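Novice: One structure, pasted below without further comment.
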Amino acid sequence: MHSIGDSFALALQLVLSGDADLLAIVLLSLRVSLTATALACLIGLPVGALVAISRFRGRNGVLILMNALMGLPPVVVGLLLYLQFSRSGPLGFLGLLYTPTAMIVAQTVLIAPIVAALSRQVLEDLHTEYAEQFRSLCLTRLQTVRALLWDARYSLLTVGLAGFGRAVAEVGAVIIVGGNIDHLTRVMTTAIALETSKGDLALALALGIILLTIALGVNAAVQSVRMTAARYAYV
Amino acid sequence: MLARTFAATAVALTLGGAGLAQDQSILVQSTTSTANSGLYDYLLPIFEGKTGIKVNVVAVGTGQAIKNAENCDGDLLLVHAKPAEEKFVADGYGTMRTDLMYNDFVVVGPEADPAGVAGMNDVEGALKKIAEAKAPFASRGDDSGTHKAEKALWKKAGVDPAEGSGDWYRETGSGMGATLNAGIGMGAYVLTDRATWISFDNKQDYRIEVEGDEDMFNQYGVIPVNPEKCPSVKAEAAQTFADWLLSDEGQEAIAGYKVDGQQLFFPNAPDK
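Protein chains in written order, with the numbering used here: chain A, 1402 to 1636; chain B, 141 to 412.
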């Protein structure tokens, strides 16, 4: 059996050797998951904000649906999009199957509900707090949404990170629509799945350690941005 | 005959005009064993260097590879389940199926050998013994080429393993490597192709228990996807790759691929 220590050593060795293949895989992982997170925020934040400040019939049903969609199984998202993007599917003419674009779309679909549902909760709590003030200022709906999004920006960063975490860690969706093609659509998680199936558990675990480190790095970067911004805000 | 000459000329032109094909790429829907064993990592740079055609490989089980190709999501099919391949061509999805290479299946098991099958070369007899002993057996259970071959062997042995499903017969529903990992984890016998086994890194105390039965012959075939069914396929480039695989040069390259000094695939394309 391999020990975890071996894998740590291997991970370090891989990183220090500056392996070009590994670098390409890491960069593609980041590119796909960060783009998906940005798109998911573009879709999810406005939706979450609108639902947070609106009262309408069937609202409870919408909330339940939004929350339930947080549990979308990646492999189901992958399969549904495969059927759309396949050459014999309705969007086949786009030629997107087995491209990074298809992987970005898949992860966006996967995490947009997470961003929407979590931001809805954050913004609704904040809105309850400010409701009277907003009313006295006679803010329009758009102004309210903007004020809420701005005021909750630090909490929403964490929402975005939750989405990113889900995207960068999933394998079910990207392996179906991406195909795990070497030098084209191979990302960290599909590479880990591949090395596991080759029985190279030490290498698979080493890649896992590198993936964790990257996630740690992204979170640290966001945290430092947040702290810097907060410092300037209160001078 | 005329068509053949034309095709040959077209291939010659494509091969000669490497500059034209520079940014061309094709997609191969493939069985996993050829990818997991490292064969493509060895073959593709040779072909790409010669023709400039980039070959992208999606490695899934044979069943899924065929389905993907039927959806026109691939230019070439490289799998190992002859009856399913012949049906693929008969249904009009492929232009022509050609034998490419072979190796064989083996049954691997733990050193403890609970069913006492070590050293047997009669696979049906060994499967019967495993079933009688109710010794754990891990099956792919995923409609892959290896799974189809395994089901055929059980049938020939006159055993219906489905009766032991969830008990001693465990269907993992995953790829060859994942099934080997699972089987080794639970001390189960596993039917695997020899190429995957030789290049598999997590063998632990496992070894080959049963080998050498004619019924464990494992033939790989190559089929270009039919442009009449799938207008989007890159038929010419796919045919170029198929022709190269089947040429003397491609066949020698296949024979030249070794892991730990052992040849994994044995070329057997028909003589032209």
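We put the CB at the ideal spot given by N, CA and C, even for glycine.
Source: prediction; values computed, not measured.
Where Ile348 of chain B and Asp231 of chain B are concerned, what is the direct C-alpha to C-alpha distance, given to the nearest angstrom?
Specialist: Between the alpha carbons of Ile348 of chain B and Asp231 of chain B lies a distance of about 38 Å.
Novice: Glu311 of chain B by DSSP, collapsed to three states: which one?
Specialist: strand
Novice: For a contact meaning CB atoms closer than 8 Å, what does Gly315 of chain B contact in chain A?
Specialist: Contact annotation for Gly315 of chain B against chain A: Ser1598 [CB-CB distance below 8 Å, chain order].
Novice: Verify whether the separation of the beta carbon atoms of Ile424 of chain B and Leu217 of chain B is less than 7 Å.
Specialist: Limits of chain B in this structure are 141 at one end and 412 at the other, which puts residue 424 of chain B out of reach.
Novice: Distance, Cα to Cα, Met1444 of chain A vs Lys222 of chain B?
Specialist: According to the sequence provided, residue 1444 of chain A is Ile. The question's Met does not apply to it. Cα-Cα distance, rounded: 48 Å.
Novice: Which residue comes first and which comes last in the alpha helix (DSSP H) that contains Asn208 of chain B?
Specialist: 202-210
Novice: At least one CB of chain A closer than 7 Å to the CB of Val198 of chain B: is that the case?
Specialist: yes
Novice: Using 7 Å as the threshold, is the C-beta distance between Ser1489 of chain A and Cys212 of chain B below it?
Specialist: yes
Novice: Pick out whichever of B:Asn243, B:Leu320, B:Ala205 has its Cα sitting closest to the Cα of Ala278 of chain B.
Specialist: Of the listed residues, the one whose Cα sits closest to Ala278 of chain B is B:Leu320.
Novice: Can you give me, in chain order, the residues of the region 1488-1504 of chain A that have a beta carbon less than 9 Å from any beta carbon in chain B?
Specialist: Arg1488, Ser1489, Gly1490, Gly1493, Phe1494, Gly1496, Leu1498, Tyr1499
Novice: Anything in chain A within Cβ reach of Asn321 of chain B, meaning under 9 Å, just list it in chain order.
Specialist: Those are Thr1597, Ser1598, Gly1600, Leu1602, listed as they occur along chain A.
Novice: What's the gap between the Cα of Thr1647 of chain A and the Cα of Val248 of chain B?
Specialist: With chain A covering 1402 to 1636 only, the question about residue 1647 of chain A has no answer from this structure.
Novice: Three or more beta-carbon pairs under 8 Å between the region 341-357 of chain B and the region 1449-1460 of chain A, yes or no?
Specialist: no
Novice: CB Ala297 of chain B to CB Lys274 of chain B, shorter than 7 Å?
Specialist: no
Novice: Using three-state DSSP, classify Thr238 of chain B as helix, strand or coil.
Specialist: strand
Novice: Who pairs with Gln169 of chain B in a beta bridge, going by DSSP?
Specialist: DSSP, once it has assigned bridges, lists B:Val198, B:Leu217 as partnering Gln169 of chain B.
Novice: Compare the Cα-Cα distances from Ala1518 of chain A to each of A:Gln1624, A:Leu1482, A:Leu1473, A:Leu1484 and report the closest residue.
Specialist: If we check each option's Cα against that of Ala1518 of chain A, A:Leu1473 comes out closest.
Novice: Taking 7 Å as the CB-CB limit, is Phe340 of chain B close to chain A?
Specialist: yes
Novice: If distances are taken between C-alpha atoms only, which option among B:Ile270, B:Ala393, B:Asn408 comes closest to Phe187 of chain B?
Specialist: B:Ala393
Novice: Given Gly234 of chain B, which residues of its chain have a CB within under 8 Å of its CB, disregarding the five upstream and five downstream residues?
Specialist: Ala209, Leu217, Glu225, Phe228, Ile363, Pro364, Val365, Asn366
Novice: Check whether chain A comes within 7 Å of Asp213 of chain B, counting only Cβ atoms and requiring the distance to be less than that.
Specialist: yes
Novice: Grab me the residues of Ser173 of chain B's own chain with a C-beta within less than 7 Å of its C-beta, minus the 5 sequence neighbours each way, in chain order.
Specialist: Met316, Asp333, Ala335, Thr336
Novice: Give the secondary structure of Ala161 of chain B by DSSP, where H, G and I count as helix, E and B as strand, and everything else as coil.
Specialist: Confidence at Ala161 of chain B is low in this model, with a pLDDT of 41, below 50, so the placement of that residue is unreliable and no value is reported for it.
Novice: So which of A:Pro1447, A:Leu1411, A:Ala1574, A:Glu1596 has the shortest CA-CA distance to Arg1554 of chain A?
Specialist: Shortest Cα-Cα distance from Arg1554 of chain A to any of A:Pro1447, A:Leu1411, A:Ala1574, A:Glu1596 involves A:Pro1447.
Novice: For chain B, is any of its Cβ atoms less than 7 Å away from the one on Ile1582 of chain A?
Specialist: yes
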